[in-house]
Each structure stands twice: as structure tokens, then as C-alpha cells.
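**Q** Attaching a single structure in C-alpha cells format; questions to follow.
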């Protein structure tokens, strides 16, 4: 198994970039510091890749019939949003929910209970905002909001690249990992016509006048929490760069400390990995 820091090291050509021996020496020290920082970042990078899957069954698709798609939840993207989603899944909240606001090339919104009493019980259960750590690109899910710290149960799936929402505080917490072709078939004909206030007060009784709305029949957690088998080199490079920059600001002594600490972390990591492999 090739250590991920080799992908970083192989992209460096310090001697070729430096015209003087002193410059080359400095570059090699920074390379060593980068590898060390990558070694230190490995545990955090692995932790960042924790996820779990939720299967969503839907009916009344635009072309008729039913289907399913899988939502991969990344708690490190938006911890509070992911926790609320998990809470809703465990409560059976999503059964018979309609995708009531569906805008072509933009998003499909859902999350108001079809039962008026249930909707009322959740209406004021706001959660704080998360820091936006992922982009609102195609297939990713974010909670809807009416202002700061107002997320409750409504969320949407992005049909396209809506990264402009990032700066508005919409923090993705999950993505559609399988079945985006099914998501694309969610009925869009009603657009934004269904009134959210009426849904809150009357639930699916009111939505009966929009009979073609796609709806959820079942939501269930498909996997226990898992980790991807490999560390993302790009993410690891970012962590390493940040560590090197901090060390460089502290002078040569800090870089030497980083190299030593990284070598220790790498040795421990390889020892543990070897023990686990046995």
C-alpha cells in the first residue's frame, strides 16, 4: 500500500526549482517538513472521511413508477446538520413527505411533514448554523433556512452547481452517492406553486390538489458509519501546507521540530497499520 504522502513528494522538484545550493537546501527542508506534516495529518484526514449511507425510496416520479437513491452523509461537513438529519431519519419523519418545491436546474426541496401535528411539533426546533465546509454542487444536500440559526427540517438537493449558495450560509451535510438519475426524475411541473404555510397547517390534505408531486415512501440507514479506504491526497496536501506555513513562520527550529514529530508519527502509523494487517 503506497503511503499517500508519496503522491505529494513525487510532485516536488526542489533542485530543479532552485538556482543556488542554498535555495535547493531550503526547498528540501520544506519537502521534508511537508512529508512530516502529511504524516501528522493522516489521522485527522482519515477521520474527515467518516460517512454513512441512507437509502431513500420514492414514488410518483415524473416518468411514472418508483425508484430509490442513496444519500451519503458526511458529518464532518456540517456536524449539526448531519445530526439533525440523523434525528429525523430515526424518528421516521420522512415517510410520505412530498418534494413540494422543485425548480428545474436548481433544486428539489422537501422536509415539511405531511401530518400537520408533526409539522407543528418540529416547526420551532431550530438548530444553529454550521460553518460551510463543502460546496453546493450537483447532488449535495443542504438545509433550507429563513435566516441565521433557523434550520429545522426543510432541506434541498442541488440539481446543478449552486456554489453561489455557499456564501449565503447554506452548508451541505450530505450528497447523493447513487441514483442521481432518479433524483432528476422528481416531478417539476408545479414549480414553486405549493404554498409552504398551507402545507404546515394542513399537510398532505392540502397537497392533494397537487397529485403529481413525487413523494418519499421509505427512508432507512443503509450502512453503519464507515471510512473510505484511502486518504484524499488533495485534502492531505492542504493540511500539510497549512502545517508547513505555521512552522515556517516559527523559524528553522520549528521546521526541524515538525520533521522530527512527523517522522515519529509516520513510524507509529506504519507500526499500527502493520499490526492491524496481521
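In our numbering, the protein residues as written are 30 to 307.
Even for Gly, the Cβ is constructed at its ideal location relative to N, Cα and C.
DSSP three-state label for residue 228, please.
**A** Residue mapping note: residue 228 aligns to position 199 of the chain shown, counting from 1. Here residue 228 sits in helix by DSSP.
**Q** Count the other CB atoms, across all protein chains shown, that sit within 10 Å of the CB of residue 214; report buried if there are 16 or more and exposed otherwise.
**A** Sequence index remark: in the chain shown, residue 214 carries index 185 (1-based). Per the 10 Å Cβ criterion, buried.
**Q** Under three-state DSSP, which class holds residue 158?
**A** Walking along the chain shown from the start, residue 158 turns up at place 129. If DSSP states are grouped into helix, strand and coil, residue 158 belongs with coil.
**Q** Quick check on DSSP: helix, strand or coil for residue 31?
**A** Along the chain shown, read from residue 1 onward, the residue named residue 31 stands at position 2. At residue 31, the pLDDT of 49 sits below 50, so the modelled position is not reliable; the number obtained from the coordinates is stated separately. Residue 31: coil per DSSP, three-state reduction.
**Q** Roughly how many angstroms lie between the CA atoms of residue 114 and residue 275, to the nearest whole one?
**A** Counting from 1 along the chain shown, the entry for residue 114 is found at position 85. Counting from 1 along the chain shown, the entry for residue 275 is found at position 246. Whole-angstrom Cα-Cα distance: 36 Å.
**Q** Check whether the Cβ atoms of residue 101 and residue 135 lie closer than 9 Å to each other.
**A** Locating residue 101 in the chain shown gives position 72, where the first residue counts as 1. Locating residue 135 in the chain shown gives position 106, where the first residue counts as 1. Not in contact: residue 101 and residue 135 (Cβ atoms no closer than 9 Å).
**Q** Anyone know if the C-beta pair for residue 148 and residue 243 falls short of 9 Å?
**A** Within the chain shown, residue 148 is the residue found at index 119, counting from 1. Within the chain shown, residue 243 is the residue found at index 214, counting from 1. Not closer than 9 Å, so no.
**Q** Between the segment 138-145 and the segment 182-193, can you find at least three pairs of beta-carbon atoms closer than 8 Å?
**A** A contact exists between the segment 182-193 and the segment 138-145.
**Q** Nearest-angstrom Cα distance between residue 202 and residue 278?
**A** Numbered from its first residue, the chain shown carries residue 202 at position 173. Numbered from its first residue, the chain shown carries residue 278 at position 249. Distance between the alpha carbons of residue 202 and residue 278 is about 34 Å.
**Q** Quick check on DSSP: helix, strand or coil for residue 195?
**A** For the purposes of this step, residue 195 is identified with residue 166 of the chain shown, where counting begins at 1. The answer is helix: DSSP assigns residue 195 an H, G or I state.
**Q** Considering just the uninterrupted stretch of the alpha helix (DSSP H) at residue 244, what are its terminal residues?
**A** Numbered from its first residue, the chain shown carries residue 244 at position 215. Element bounds for residue 244: not the alpha helix (DSSP H) but the beta strand (DSSP E), 244-250.
**Q** On a Cα-Cα basis, can you pick out the residue from 209, 252 and 239 that is closest to residue 128?
**A** Taking the chain shown and counting its residues from 1, the one referred to as residue 128 is at position 99. The shortest Cα separation from residue 128 among 209, 252 and 239 belongs to 239.
**Q** Rounded to a whole number of angstroms, what is the C-alpha to C-alpha distance between residue 121 and residue 232?
**A** Translated into the one-based positions of the chain shown, residue 121 becomes position 92. Translated into the one-based positions of the chain shown, residue 232 becomes position 203. About 16 Å.
**Q** Please state whether DSSP places residue 182 in a helix, a strand or coil.
**A** Translated into positions along the chain shown, residue 182 becomes position 153. Residue 182 falls in the coil class under three-state DSSP.
**Q** If you drop the 5 nearest sequence neighbours on each side, which residues of the same chain put their C-beta closer than 7 Å to that of residue 154?
**A** Here residue 154 refers to the residue found at position 125 when the chain shown is read from its first residue. Once the five neighbours on either side are set aside, the close Cβ partners of residue 154 are 181.
**Q** Look at the alpha carbon of residue 248 and the alpha carbon of residue 169, and state the distance between them as a whole number of angstroms.
**A** Start at 1 with the first residue of the chain shown, and residue 248 comes out as number 219. Start at 1 with the first residue of the chain shown, and residue 169 comes out as number 140. Between residue 248 and residue 169, the C-alpha separation is close to 17 Å.
**Q** Starting from residue 201, trace the beta strand (DSSP E) both ways and give me its first and last residue.
**A** On the chain shown, position 172 is the one that residue 201 refers to. Residues 201-207.
**Q** Based on the DSSP output, what are the partners of residue 96 in its beta bridges?
**A** Here residue 96 refers to the residue found at position 67 when the chain shown is read from its first residue. In the DSSP output, where bridge partners are listed per residue, residue 96 has 87.
**Q** Please name the residue or residues paired with residue 238 in a DSSP beta bridge.
**A** By 1-based counting over the chain shown, the position of residue 238 is 209. Paired residues: none, contrary to the question.
**Q** Consult DSSP for residue 114 and reduce its assignment to one of helix, strand or coil.
**A** Locating residue 114 in the chain shown gives position 85, where the first residue counts as 1. In the structure shown, residue 114 sits in a helix (DSSP, three-state: H, G or I).
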